[in-house]
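Chemist:
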Amino acid sequence: MPLMARSFTTPGVAQQLAWKTSMLARSGTVRMPVIYGVLTHEEHPGPDVLLLERLRGVPVEAPART
1 MPLMARSFTT PGVAQQLAWK TSMLARSGTV RMPVIYGVLT HEEHPGPDVL
51 LLERLRGVPV EAPART
């Protein structure tokens, strides 16, 4: 099962993106990735992580390190 993880340093962004993607998948005609989960850090500060399906044919690129 090909998974992709996206990390967000701003709290709440991962939950918003998961909700928007789920809504588009239900009501839209375009294939949207399946959301498998959102990992949040409520007690300890840390990035929120969104786990989603990696669609075939969509390249995955690592961000440039500076």
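Those letters in the sequence shown? Residues 1 to 66, by the numbering used here. Virtual Cβ for every residue (Gly too), placed ideally from N, Cα, C.
Output yes or no for whether 8 Å exceeds the beta carbon distance between Leu3 and Leu39.
Modeler: Translated into the one-based positions of the sequence shown, residue 3 becomes position 3. Translated into the one-based positions of the sequence shown, residue 39 becomes position 39. Not closer than 8 Å, so no.
Chemist: Flag this pair as yes or no: are the beta carbons of Val34 and Ala5 separated by less than 8 Å?
Modeler: Along the sequence shown, one-based indexing puts residue 34 at 34. Along the sequence shown, one-based indexing puts residue 5 at 5. No. Outside cutoff.
Chemist: Whole angstroms is fine: what's the gap from Gly28's alpha carbon to Gly46's?
Modeler: Along the sequence shown, one-based indexing puts residue 28 at 28. Along the sequence shown, one-based indexing puts residue 46 at 46. Straight-line Cα distance between these residues: approximately 33 Å.
Chemist: Grab me the residues of Thr9's own chain with a C-beta within less than 7 Å of its C-beta, minus the 5 sequence neighbours each way, in chain order.
Modeler: Taking the first residue of the sequence shown as 1, we reach residue 9 at position 9. Cβ neighbours of Thr9 beyond the five flanking positions: Pro47.
Chemist: Would you kindly report the start and end of the unbroken beta strand (DSSP E) that includes Met23?
Modeler: If you number the sequence shown from 1, residue 23 lands on position 23. Run containing Met23: none in the beta strand (DSSP E); it sits in the alpha helix (DSSP H), 13–27.
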